[in-house]
């Protein structure tokens, strides 16, 4: 067993028959702060991005003994800047933002689709069928040219020299993409050079480093925001996914928008910011987003930066969490008299206040659990708490969860464990943290009390 300079494990097994050492499947992961994570819509794999300048994909795999374990199965982006956010446009398409002004979008090559199906034993995959149906038109993989930051598509088995421009990086200076056939999770060498995804688009529009992204569930819109100290740079940009044209600039905040979240019905967009305010934008009859509610010093409840926000599965409620340890649930009542900047919105339920900790992540379950909303809350200390309605039902300590800030929480969009049949009694929760780890918890819903 060996451990590389930047955290990768290598294991080799000796064969008496051939008198050779063969690489084996091992664990993998990020070696710096993990800043964002997102499940693909069917919950079969998890995207993560990190300050280690990589985006990675993790999935469950059953070995020959039928034991289910999680492994890194692809590294679609190896960048030259620390990544800050990602957004899933569809199962095989995502956008990422880093310490640069450009948003980059990626699409899976056919070689990834083929290997993912074999490794995870996937039978039904309509989006994958579309990619494979393109045959020679679709790229097999990608490589990064010398002194470049963009993943260039590789067609067939073209060997293109690849220099990955990362400072302080022990990756080989030259490598070649070769289409590989995998029946088990790839080794570190394969992940480095043969699992990149082609970059399909660059989006220019921000004046400073991109900080937050969100994609609408109906796959029509991408929202983005950048670091800002002035109102003119704090605008939320709305992009048309079909042609990547800039549709709107939504003005409301005065400082950096730290998280964006579309409602599950794609009709509303929620933003939270360093200016201690949240803003709600809703679609009008012309399919344009307009500001319908926001907060100010009188109505805000939060007195420090609002780090996080999340929608319930039915788009009826949303929650906001802040550095002052408060979690507030809000709703929009159509037809309510507009007496303040809150418009038709109002806070509902009990205010959750955690006096000695900052709230940094919030997520809601994909459906009701026992007729109630299940909510996960992550903290700066690294702990995670689960609430069913207004009642706390589970608390994960630093030894079970994380020992540094929880950056993002995401429930699997489908009940049951990944790689297993659907089970309404199990729900998986993914979390990522500044402690460099990504964790997936199996929550047994019938034991919550």
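Numbering (full-length UniProt numbering), first residue to last: 1 to 449.
The beta-carbon is built from N, C-alpha and C at its ideal position, and this holds for glycine as well.
Contacts around residue i, its chain only, beta-carbon distance under 6 Å, and the 5 residues preceding and following it disregarded
i, result
"residue 304", "322, 323 and 324"
"residue 71", "61 and 185"
"residue 281", "250, 269, 289 and 291"
"residue 375", "364 and 387"
"residue 218", "266"
"residue 112", "74"
"residue 424", "415"
"residue 191", "75"
"residue 446", "425"
"residue 24", "11 and 13"
"residue 419", "60 and 68"
"residue 28", "72"
Contact under 8 Å by Cβ, residue i with residue j
i, j, result
"residue 349", "residue 390", "yes"
"residue 197", "residue 264", "no"
"residue 382", "residue 296", "no"
"residue 450", "residue 385", "No information on residue 450 is available, as it lies outside the stretch 1 to 449 that the chain covers here."
"residue 326", "residue 342", "no"
"residue 34", "residue 50", "yes"
"residue 450", "residue 407", "The first residue shown for the chain is 1 and the last is 449, placing residue 450 beyond what the model contains."
"residue 320", "residue 306", "yes"
"residue 37", "residue 430", "yes"
"residue 259", "residue 312", "no"
"residue 103", "residue 22", "no"
"residue 347", "residue 301", "yes"
"residue 227", "residue 204", "no"
Coil, strand or helix - residue i by DSSP
i, result
"residue 295", "coil"
"residue 443", "strand"
"residue 137", "coil"
"residue 240", "strand"
"residue 399", "coil"
"residue 128", "helix"
"residue 438", "strand"
"residue 112", "helix"
"residue 72", "strand"
"residue 185", "coil"
"residue 233", "helix"
"residue 432", "strand"
"residue 197", "coil"
"residue 13", "strand"
"residue 264", "coil"
"residue 162", "The pLDDT assigned to residue 162 is 44, lower than 50, so where the model puts this residue is not dependable, and the model offers no usable value."
"residue 420", "coil"
"residue 414", "coil"
"residue 308", "strand"
Alpha helix (DSSP H) segment containing residue i, residue limits
i, result
"residue 193", "188–194"
"residue 85", "Looking at the DSSP string, residue 85 is not in any alpha helix (DSSP H); the run it does join, the beta strand (DSSP E), is 83–90."
Same chain only: Cβ atoms within 8 Å of residue i, ignoring 5 sequence neighbours per side
i, result
"residue 170", "Below a pLDDT of 50, predicted positions are generally treated as unreliable, and residue 170, at 49, falls in that range; the measurement from the model is reported next regardless. Excluding residues within five positions, the ones whose Cβ falls inside 8 Å are 4, 5 and 6."
"residue 160", "Confidence is the limiting factor: at residue 160 the pLDDT is only 43, short of 50, which leaves the residue's position unreliable and the question unanswerable from this model."
"residue 20", "14"
"residue 119", "59, 61, 73, 182, 183, 184 and 185"
"residue 230", "254"
Residues that residue i bridges to, as DSSP identifies them
i, result
"residue 272", "259 and 278"
"residue 330", "318 and 347"
"residue 391", "388"
"residue 448", "None; residue 448 has no bridge partner."
"residue 45", "59"
"residue 54", "78"
"residue 118", "Partner(s): none; residue 118 has no beta bridge."
"residue 39", "46"
"residue 202", "104"
"residue 302", "Answer by DSSP bridge pairing: none, since residue 302 is not bridged."
"residue 352", "327"
"residue 154", "141"
"residue 3", "9"
Limits of the unbroken beta strand (DSSP E) element including residue i
i, result
"residue 286", "Where residue 286 is concerned, there is no enclosing beta strand (DSSP E), given that its DSSP letter is neither H nor E."
"residue 215", "210–215"
"residue 379", "374–379"
"residue 94", "93–98"
"residue 364", "359–364"
"residue 22", "20–23"
"residue 408", "406–411"
"residue 245", "Element bounds for residue 245: n/a, residue is neither H nor E."
heavy atom of the ligand ATP below 7 Å from residue i C-beta
i, result
"residue 377", "As for the ligand ATP, it is missing from this structure, which has no ligand bound."
Chain-order list of residues whose beta-carbon lies under 7 Å from that of residue i (same chain, five-residue window excluded)
i, result
"residue 201", "105 and 244"
"residue 238", "221, 223, 247, 248, 250 and 289"
"residue 141", "109, 111, 154, 177, 179, 194 and 196"
Cβ of residue i within 8 Å of any chain D Cβ
i, result
"residue 57", "In the structure shown, chain D cannot be found, because there is only a single protein chain."
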